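> Residue numbers (numbering that gives the first Met the number 0): 0 to 714. Each residue gets a CB set at the ideal place from its N, CA and C atoms; glycine is no exception. Since the structure is predicted, the reported quantities are computational estimates derived from the model, not experimental observations.
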Amino acid sequence: MAHSAVKESTPATNSSKLWALAKGTFKTALGIAATLAPEPFKGPAEALLKVVDVVEKADSNKEEVEILEKRCDLLGSSIVNVVSGKDTNLLSEDLKNSIGRLVVGIQDTLKVMIKEKSTGLAAYVLVEDDVGVLKNANKKLDELLQCFWIENHIAGTIVLSNILATVQEQAEWMQGLSTLDKHFENATLNQLKWVPGAAYDSQEVADKVVSCFEGTRSTLLANVGRWMSGSTSDGHPPLYVLDGIAGIGKSTVAITVAERAAGINSLGATFFFSRDQEGRKSSLGFVHTVAYQLAWYDASYGTAIAGAITSNPEALSKVLTQQFDLLVTKPLCPLLEQRITPLVLVFDALDECIEGKGALAILNLIICSVSQLPNVKVFLTSRPELGLRTKYMGTKEANVFHLQDIEDLIVEQDISLYVNHSLSSVQMQEALGDSYHPSWQPRAEDKAKLAKLSGKLFIFASTAIKFILDEQYQDPLGQLAQILDLQSKNSSPISQLDDLYLNVLKSAKPAGEAKTWLSRFQKIVGAILAIQVPLSALILEKLLDQGEGTVQAALANLHSILAPLGKGPTLTYKVHHKSFPDFITSSFCPAEFQILEKEQHLELAKCCLKVMNRQLKFNICQVSVPSEDQYKDLDDLLKEGLTTDRISKELEYAVCYWANHLGKLEEMDSDLIALLGEFSKKHLMHWLEVLAYIKQLDIAYTMLKTTLAKLVCQL
0 MAHSAVKEST PATNSSKLWA LAKGTFKTAL GIAATLAPEP FKGPAEALLK
50 VVDVVEKADS NKEEVEILEK RCDLLGSSIV NVVSGKDTNL LSEDLKNSIG
100 RLVVGIQDTL KVMIKEKSTG LAAYVLVEDD VGVLKNANKK LDELLQCFWI
150 ENHIAGTIVL SNILATVQEQ AEWMQGLSTL DKHFENATLN QLKWVPGAAY
200 DSQEVADKVV SCFEGTRSTL LANVGRWMSG STSDGHPPLY VLDGIAGIGK
250 STVAITVAER AAGINSLGAT FFFSRDQEGR KSSLGFVHTV AYQLAWYDAS
300 YGTAIAGAIT SNPEALSKVL TQQFDLLVTK PLCPLLEQRI TPLVLVFDAL
350 DECIEGKGAL AILNLIICSV SQLPNVKVFL TSRPELGLRT KYMGTKEANV
400 FHLQDIEDLI VEQDISLYVN HSLSSVQMQE ALGDSYHPSW QPRAEDKAKL
450 AKLSGKLFIF ASTAIKFILD EQYQDPLGQL AQILDLQSKN SSPISQLDDL
500 YLNVLKSAKP AGEAKTWLSR FQKIVGAILA IQVPLSALIL EKLLDQGEGT
550 VQAALANLHS ILAPLGKGPT LTYKVHHKSF PDFITSSFCP AEFQILEKEQ
600 HLELAKCCLK VMNRQLKFNI CQVSVPSEDQ YKDLDDLLKE GLTTDRISKE
650 LEYAVCYWAN HLGKLEEMDS DLIALLGEFS KKHLMHWLEV LAYIKQLDIA
700 YTMLKTTLAK LVCQL
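Structure, rendered in structure tokens:
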């Protein structure tokens, strides 16, 4: 903090004494922050440390000054706690950035509380005569502490109980994190038809979902923690939507957020939907369950909700929006407005609310009513199904994160951590019991291959571990070898993952026009699997001679396994995990969904030849040069402004890859031979011309060689 940056406050009197913060944990913490914090936080940390180093303490008994000292000590304890016992070289960038943001916040707060003692002297005075300034500063420091604690508690990088144990006189909001009056019993609440199995800590949920393995998903959880502790004015809306493809780990993140929010008494209610459980696949018990859990969260909430039921019993059978308004909004709003820390609600797998239009009704309720409650944050997960995705992507009230967009390296590190732990000798012995033998320990390189094979799907890794450690087989190395063989075989031994994909496909098939949809599905999904480089939906439609919007319509309900990347003309569909094509091209897949690769390559070879026969022509780029320059070098033409815009993207793909598709065929049918004949007679030179324009002429020889070899086999 440079001298010129320090704001002037109420002028200090001559009798004002100097105030020193440079003692104890706070100075130690600033030293840590100055060492760890990355740019742009490092500068403020170093500058603040210098200021603190020369400030002296005021001999004051003012209450706000004492509070200020305690807050500074607590801020220091918080920073020290998150790095205690850890190798600072291995601290995550998220944690370093969090510390950096805290330091900048402290610096900005202290700027308004101190002023230069005199020009040219490296000392500062506390503006202790202005109680209002001190109160505002202490309030701001409370907010900084709250955000830092909640963010890092959710991320799993701070032991909040250790810090709270050192605080003798806690502020009101701190007490709320450690103690809460949950004792409330009222027979009126029994009228609520709540769903016990929907709670995050129910046995039903525990049987299917586990929390994040320690040390994994830290970047994502830090992001969630920052959203949870942040205000709407700072760009943190009340709703956080985590969507993603099937099996990528959304429920695991949801239960982790719920557990950690509960650990600081910030979890109000949860509802984990499931298409396999009667009460959890319907919207009917949603509001009753949320109201019931909120009533047990806090005794005052319970009293208010019980009173609402007593005074308005018909509210129990109203439509969802009226139920919520009468049972939750009206009785709890006055109490929620008094909260200092956020109240978190966690709702998982909304897409599995499959009865009627329940999922969309719940989403509308969350957006329009639940997330509008004061001091309430809603964490929601779902597969990106069409109707739901359109709704939550279209609201300003939501922070949406697509789980499949997380960086590959981060996910691979997380899965490697999980695999290495699960296949350690201790864990294997626990799983296999007395039959375990040390020779069964997998090699490090095989564990690395398994982690890589898992892609972004934690469910693949977890299912693979269960398969490897199955007591029925007692052959972990053999089981692991089978899974690693998936890299070269078009079959998967893991029925759970097959069932998962099959369920998505069946759900996507419309009841009324199944035949038409299946035909489009085969053509479009087959093409996506067989094309040699990713193509946007728009270019793919032109290559396949399909109408505009056909690809989006066919894949609208398949985002769980074929999620879109980009928007508008760049919208591209990408297979997220190699096990999906393994499944859909194997004998495990039912015939109606099965993709036969040979047929897809035959179809694409024909499509490429059709595009070339339609679009190739002499001088396609319309080069206009004097006759004496007809052999001018291509590079010179490009320098003079030659454009290749007249070569469409679908033609560019066709000229480069038609022979690749043809080469994968066992035999050619009469239609393909006819198309190939037309191409060779009319457009061979035009094809070479286009290859030259796009600087791919060197592949022409290999393509012609492949084609001739295939023709010889055919003859």
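Quick check: what's the CA-CA separation for residue 603 versus residue 549?
The alpha-carbon atoms of residue 603 and residue 549 are separated by roughly 17 Å.
> Mapping the DSSP letters down to three states, classify residue 492 as helix, strand or coil.
Residue confidence is low: residue 492 scores 35 on pLDDT, short of 50, so the model does not pin down where it sits. Its coordinate-derived value is still stated next. Reduced to three states, the DSSP call for residue 492 is coil.
> Around the Cβ of residue 653, are there at least 16 other Cβ atoms within 10 angstroms (buried) or fewer (exposed)?
By the neighbour-count rule (16 or more Cβ atoms within 10 Å), residue 653 is buried.
> Three or more C-beta pairs closer than 8 Å, one from the segment 215-235 and one from the segment 308-327: is that the case here?
Verdict: no, contact absent.
> As a quick exercise: from 284, 208, 261, 272, pick the residue whose alpha carbon is nearest that of residue 251.
Ranking 284, 208, 261, 272 by Cα distance to residue 251 puts 208 first.
> Return helix, strand or coil for residue 460, following the three-state DSSP convention.
Of the three classes helix, strand and coil, the one that applies to residue 460 here is helix, per DSSP.
> Among 329, 387, 370, 338, which has the Cα closest to the Cα of residue 348?
Cα-wise, what sits closest to residue 348 is 387.
> Sorted by chain position, which residues of the same chain lie with C-beta nearer than 7 Å to residue 641's C-beta, five sequence neighbours on each side aside?
Closer than 7 Å at the Cβ level, and outside the excluded window around residue 641, lie 620, 622.
> Under the three-state reduction of DSSP, which class applies to residue 239: helix, strand or coil?
Strand.
> Report the residue from 513, 564, 230, 658 whose alpha carbon sits nearest the alpha carbon of residue 704.
Considering only alpha carbons, the answer is 658.
> Going by the DSSP bridge assignment, what does residue 135 pair with across the sheet?
The partner list for residue 135 (beta bridge, DSSP) is empty, contrary to what the question assumes.
> Please report the residue range of the beta strand (DSSP E) in which residue 511 lies.
Here residue 511 belongs to no beta strand (DSSP E), and DSSP marks it neither H nor E.
> Starting from the Cα of residue 419, find the closest Cα among 458, 464, 580, 687 and give me that residue.
Minimum Cα distance to residue 419 is reached at 464.
> Measuring CB atoms only, is the segment 243-262 touching the segment 280-288, in the sense that at least three cross pairs come out at less than 8 Å?
Short answer: they don't touch.
> What are the complete beta strand (DSSP E) segments, minimum 3 residues, inside the segment 350-425?
With a minimum length of 3 residues, the continuous beta strand (DSSP E) runs that stay inside the segment 350-425 are 375-381, 397-401.
> Quick check for students: name the residue ranges of the alpha helix (DSSP H) that lie wholly in the segment 550-598, counting only runs of 4 or more.
Entirely contained in the segment 550-598, the alpha helix (DSSP H) runs reaching 4 residues are, in chain order, 578-583.
> Use the C-beta contact count for residue 617: other C-beta atoms within 10 angstroms, 16 or more gives buried, fewer gives exposed.
Exposed is the call here.
> For residue 361 versus residue 280, is the C-beta distance shorter than 8 Å?
No, the pair does not count as a contact, with Cβ atoms beyond the cut-off.
> Assign residue 605 to buried or exposed, taking buried as 16 or more other Cβ atoms, counted over all protein chains shown, within 10 Å of its Cβ.
Result: buried.
> Spatial neighbours of residue 213 within its chain, please: C-beta separation below 8 Å, excluding the five flanking residues on both sides.
Contacts found: 155.
> Between residue 244 and chain B, is the shortest Cβ-Cβ distance under 8 Å, so that the two count as touching?
The question asks about chain B, but that chain is absent: this structure has only one protein chain.
> List the whole-angstrom C-beta distance separating residue 391 from residue 240, where the pair is believed to meet the contact cut-off of C-beta under 8 Å.
Contact flag correct, Cβ pair sits at about 5 Å.
> Taking the alpha-carbon of residue 185 as reference, which of 302, 93, 151 has the nearest alpha-carbon?
Nearest option by C-alpha distance: 302.
> Could you pull the start and end residues of the alpha helix (DSSP H) that residue 257 belongs to?
Unbroken alpha helix (DSSP H) run through residue 257: 249-262.
> Under the rule that 16 or more other beta-carbon atoms within 10 Å means buried, what is residue 318, buried or exposed?
Per the 10 Å Cβ criterion, exposed.
> Confirm, please, whether the CB-CB distance from residue 396 to residue 451 is below 8 Å.
Taking 8 Å as the Cβ cut-off, residue 451 and residue 396 do not qualify as a contacting pair.
> In angstroms, rounded to a whole number, what distance separates the CA positions of residue 584 and residue 248?
About 25 Å.
> According to the Cβ coordinates, are residue 693 and residue 651 closer than 8 Å?
Yes.
> Is it the case that the Cβ atoms of residue 431 and residue 479 are separated by a distance below 8 Å?
Going by C-beta atoms, residue 431 is not nearer than 8 Å to residue 479.
> With respect to the beta strand (DSSP E) encompassing residue 271, which residues constitute its N-terminal and C-terminal limits?
Note, residue 271: beta strand (DSSP E), 266-271.
> Classify residue 201 as helix, strand or coil using the three-state DSSP reduction.
It is coil, neither helix nor strand.
> Taking all protein chains shown into account, do 16 or more other C-beta atoms lie within 10 angstroms of the C-beta of residue 108, making it buried, or fewer, making it exposed?
Answer is buried; the Cβ neighbour count reaches 16.
> Pairs of beta-carbons, one from the segment 562-576 and one from the segment 524-544, closer than 8 Å: are there three or more?
Touching, per the Cβ criterion.
> Using beta-carbon positions only, say whether residue 374 and residue 342 come within less than 8 Å of one another.
It is a contact, given that the beta carbons lie within the stated cut-off.
> Output the distance between the C-alpha atoms of residue 447 and residue 94, rounded to the nearest integer angstrom.
For residue 447 and residue 94, the distance between alpha carbons rounds to 27 Å.
> Which residues in the same chain as residue 567 place their Cβ atom closer than 6 Å to its Cβ, once the five residues preceding and following it in sequence are excluded?
The answer is none, since no qualifying residue turns up.
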